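Have a look at the structure below before the remarks.
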Amino acid sequence: MAEEESDATVLIAGTANLAIAIAKIVAGLLSGSTALLAEAAHSVADTLNQVFLLAALHRSRKPADARHPFGYGMERYFWSLLAAVGILVLGAGFSITEGLRSIFAPSPIAALAVIYLVLGISFLFEGSSWLRAVFQLRREAREADVPFLKHLRSAEPAVKTVAFEDSAALIGLLIAAAGVTLSVVTGEHIWDGAASIAIGLLLIVVAFTLGRDNKTMLIGRALPADTQRELRELIASTPGIDEVLELLTLQLAPDQVLVVATVDLDDSDTTGAAVEQLAEKVDVRVREAFPMVRHLYLDPTPAEGRVSAGRDPSSRR
Numbered sequence: 001m002a003e004e005e006s007d008a009t010v011l012i013a014g015t016a017n018l019a020i021a022i023a024k025i026v027a028g029l030l031s032g033s034t035a036l037l038a039e040a041a042h043s044v045a046d047t048l049n050q051v052f053l054l055a056a057l058h059r060s061r062k063p064a065d066a067r068h069p070f071g072y073g074m075e076r077y078f079w080s081l082l083a084a085v086g087i088l089v090l091g092a093g094f095s096i097t098e099g100l101r102s103i104f105a106p107s108p109i110a111a112l113a114v115i116y117l118v119l120g121i122s123f124l125f126e127g128s129s130w131l132r133a134v135f136q137l138r139r140e141a142r143e144a145d146v147p148f149l150k151h152l153r154s155a156e157p158a159v160k161t162v163a164f165e166d167s168a169a170l171i172g173l174l175i176a177a178a179g180v181t182l183s184v185v186t187g188e189h190i191w192d193g194a195a196s197i198a199i200g201l202l203l204i205v206v207a208f209t210l211g212r213d214n215k216t217m218l219i220g221r222a223l224p225a226d227t228q229r230e231l232r233e234l235i236a237s238t239p240g241i242d243e244v245l246e247l248l249t250l251q252l253a254p255d256q257v258l259v260v261a262t263v264d265l266d267d268s269d270t271t272g273a274a275v276e277q278l279a280e281k282v283d284v285r286v287r288e289a290f291p292m293v294r295h296l297y298l299d300p301t302p303a304e305g306r307v308s309a310g311r312d313p314s315s316r317r
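So for the sequence shown, full-length UniProt numbering puts the first residue at 1; every next one is plus one.
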């Protein structure tokens with residue numbers, strides 16, 4: 001259900017951006033507004049990015065294999081990183097270049113009615129897409145019982161990218177409207193070019209933010225400290241375990257986490273069968289409390305020797 005919702009969110013955003021891009025290009029060419037053409041480039045970049053994001057969603061669902069035993073979940077972050085590069089190159093690059101050209105070689109703005117009509121319709125389309133993405137993120141945060149901003153750090157990258165892109169699009173539309181209005185009111189066409197440059201700078205900020213987050217996930221990010229603390233306490237409270245000596249976590253995807261725990265046994269029974277039962281007990285408790293844990297490996301360390309046992313919940317599906 002969540003996967004279908006993410007697909008729908010990205011598909012709706014892509015369809016809206018494609019329609020908006022066409023309208024902005026036509027209106028920009030008719031009116032001669034650089035700010036509107038910058039917004040058109042913004043929408044074209046967003047449309048191409050939705051293609052990247054759809055690829056990310058589908059490719060990341062490939063089942064694990066011998067070469068990728070933990071699955072393809074991290075592909076989401078790779079394709080989302082490419083989307084951030086697309087925003088930077090296609091959106092920001094074109095907007096700033098056209099803005100500078102307009103300032104040094106200004107041209108009159110025409111067809112004001114067309115400009116405002118396209119900007120208004122674009123705002124409605126972008127707003128609808130933005131609301132869907134934000135509502136999905138807020139619902140996921142409520143279900144996970146975490147603050148919205150905290151959830152945003154580890155949310156589905158495709159949906160998060162849509163939310164960021166649409167936020168930038170809404171702000172960009174307001175900037176474009178302000179630039180066109182100031183150019184008409186003052187008769188100074190520099191405002192139209194300045195608005196285009198401002199849109200480009202806005203896109204740089206969005207691209208940097210998305211790129212930074214996806215880079216962190218690709219390098220390998222652990223669960224948040226408070227979640228690790230809860231996980232450690234849960235494992236340590238299991239009968240037969242004295243202490244969790246070391247806990248390592250790795251987020252493979254928004255809903256997939258790898259956990260490795262080195263535990264100190266209470267030495268009451270450290271036979272192979274007992275350790276196996278203990279690992280099974282920890283497995284069940286962790287999976288019930290933290291459904292996103294797909295792989296759990298225990299390294300028990302009794303006093304008289306080291307016994308290694310691993311439990312991979314995914315193998316029992």
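C-beta: ideal position from N, C-alpha, C; glycine also.
These figures come from a predicted structure and were not determined experimentally.
{"Check": "Boundaries (first-last residue) of the alpha helix (DSSP H) holding residue 241", "Outcome": "It is not in any alpha helix (DSSP H) - residue 241 instead sits in the beta strand (DSSP E) that spans 241 to 253."}
{"Check": "Opposing strand residues paired with residue 265 [DSSP bridges]", "Outcome": "241"}
{"Check": "Beta-carbon contacts of residue 230 that lie in its chain and below 7 angstroms, excluding the five residues immediately before and after", "Outcome": "none"}
{"Check": "Spatial distance of residue 393 from residue 297 (CA atoms)", "Outcome": "Given a span of 1 to 317 for the chain in the structure shown, any question on residue 393 remains unanswerable."}
{"Check": "Cβ neighbour criterion (16 or more within 10 Å) applied to residue 9", "Outcome": "buried"}
{"Check": "Start-to-end residues for the alpha helix (DSSP H) that takes in residue 405", "Outcome": "No information on residue 405 is available, as it lies outside the stretch 1 to 317 that the chain covers here."}
{"Check": "Option in 108, 92, 262, 160 with minimal Cα separation from residue 57", "Outcome": "160"}
{"Check": "Boundaries of the alpha helix (DSSP H) in which residue 153 is found, first to last residue", "Outcome": "148 to 154"}
{"Check": "Own chain residues within Cβ distance below 6 angstroms of residue 306, not counting five before or after", "Outcome": "Because residue 306 sits at a pLDDT of 47, beneath the cut-off of 50, its placement in the model cannot be relied upon, and the following sentence gives the value as read from the coordinates. Cβ neighbours of residue 306 beyond the five flanking positions: none."}
{"Check": "Residue 157 - containing alpha helix (DSSP H), residue span", "Outcome": "157 to 186"}
{"Check": "Cutoff 8 angstroms; reference residue 110; Cβ partners in own chain excluding five residues on either side", "Outcome": "30, 31, 32"}
{"Check": "Span separating the alpha-carbon of residue 134 from that of residue 163", "Outcome": "6 angstroms"}
{"Check": "8 angstroms contact criterion, which residue 254 and residue 154 should meet: CB distance rounded", "Outcome": "6 angstroms"}
{"Check": "Contact under 7 angstroms by Cβ, residue 45 with residue 90", "Outcome": "yes"}
{"Check": "Limits of the unbroken alpha helix (DSSP H) element including residue 61", "Outcome": "Residue 61 -> no alpha helix (DSSP H), and no H or E assigned at all."}
{"Check": "At least 3 beta-carbon pairs within less than 8 angstroms: the region 179 to 196 vs the region 97 to 107", "Outcome": "yes"}
{"Check": "The region 237 to 249 contacting the region 257 to 273, beta-carbon criterion three pairs below 8 angstroms", "Outcome": "yes"}
{"Check": "Whole-angstrom distance between residue 87 and residue 146, CA atom to CA atom", "Outcome": "29 angstroms"}
{"Check": "Candidates 14, 79, 267: closest to residue 42 by CA position", "Outcome": "14"}
{"Check": "Burial state of residue 308, where buried means 16 or more other Cβ atoms lie within 10 Å", "Outcome": "Low confidence applies here, because residue 308 scores a pLDDT of 44, under 50, leaving its location unreliable and the question unanswered by this model."}
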